[in-house]
Amino acid sequence: MVYPIGKLIVAPIYKLWLRKVEGFDNVPENEPFIIAVNHSSYYDTLLMYTILIPKLNKQIHALANSRYWGSFSTRAILKWGKCVPVYVGEERDYKKNEQALKKAFKYLKQGHLIQIFPEGTRSYDGKIKKGHSGTARLALKAKVPVIPVGIIGSGKVLPKGKMFLRLARCEVKIGKPIYLKSNNKNPNEKELEKATRKVMKEIAKLIGQKYNY
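If you're matching positions, the sequence shown starts at 1186 in my numbering and goes up one per residue.
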């Protein structure tokens, strides 16, 4: 059993701010996959852990901003979640990010799940932002499906700059698996952009928005 303490303690408490989950039937049970989620609140971070792990009993490894390893409290959570640091913004490091993708690839081959916020950072107004190509790159390399997930209302649960959860609840909509394909062993930037757009459009559709990038 993976994350036993999280299942018994964290998940039930975390779900107090969750109104409903739709589309769980779209989740593959017998193959690894990438969870691609929109991001508008820190509350999003563990949400898919609490939804998927009790049902699938599989480890999830989230790709998370490296700067969160600088704090003792967040570092403890990230280590518990067996997350993988990525280096973005001022900390951007292409070599280290390649290593992160290799580590994520290894986890997928072990049958684990990978969670990615393709936008790379939170959207403070709830509007979907431009997606980065890491999700598409990893899915094509590992030949695993991408499960698009839309979270609605998490920005009201834990707004920007707030330390405590509010009296609000969010919704989660899980889309159908996306199987990305490429004729090239090493897809070029144009192919990756097209694949990224396909994933982001599905996420946007789940939250009732349009992806205009």
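Think of the CB as a built atom: it goes at the ideal place given N, C-alpha and C, for glycine as much as any other residue.
Cα-Cα separation, residue i to residue j
i	j	result
residue 1365	residue 1295	20 angstroms
residue 1286	residue 1348	31 angstroms
residue 1297	residue 1394	30 angstroms
residue 1283	residue 1325	15 angstroms
residue 1228	residue 1369	38 angstroms
residue 1246	residue 1379	25 angstroms
residue 1272	residue 1375	23 angstroms
residue 1199	residue 1189	15 angstroms
residue 1196	residue 1396	31 angstroms
residue 1236	residue 1293	19 angstroms
residue 1337	residue 1307	13 angstroms
residue 1310	residue 1342	13 angstroms
residue 1256	residue 1263	10 angstroms
residue 1398	residue 1318	13 angstroms
Limits of the alpha helix (DSSP H) - the one that residue i falls within
i	result
residue 1298	First-last for residue 1298: 1298–1301, but that is the beta strand (DSSP E), not the alpha helix (DSSP H).
residue 1319	1319–1327
residue 1250	No alpha helix (DSSP H) holds residue 1250; the beta strand (DSSP E) holding it covers 1245–1250.
residue 1284	1279–1294
Where the beta strand (DSSP E) containing residue i begins and where it ends
i	result
residue 1374	Per DSSP, residue 1374 belongs to no beta strand (DSSP E); it is in the alpha helix (DSSP H), 1374–1391.
residue 1335	1331–1337
residue 1356	1355–1359
residue 1363	Segment: none, residue 1363 is in no beta strand (DSSP E) and carries neither H nor E.
residue 1270	1269–1271
Buried versus exposed call for residue i [16 or more other C-beta atoms within 10 Å across all chains shown]
i	result
residue 1386	buried
residue 1250	buried
residue 1304	buried
residue 1351	exposed
residue 1242	exposed
residue 1315	exposed
residue 1234	buried
residue 1232	buried
Close-in-space but distant-in-sequence residues of the same chain around residue i (CB under 7 angstroms, 5 per side omitted)
i	result
residue 1333	1221, 1360, 1363, 1384, 1387, 1388, 1391
residue 1258	none
residue 1278	1272
residue 1213	1330, 1362
Neighbourhood of residue i by C-beta distance below 8 angstroms, restricted to the same chain and skipping five residues each side
i	result
residue 1372	1321, 1322, 1325, 1380
6 angstroms Cβ shell around residue i - same chain, five flanking residues per side excluded
i	result
residue 1367	1325, 1376
Ranges of the alpha helix (DSSP H) found wholly within the stretch 1201–1230, counting only runs of at least 4: Taking only runs of at least 4 residues, no alpha helix (DSSP H) segment lies wholly in the stretch 1201–1230.
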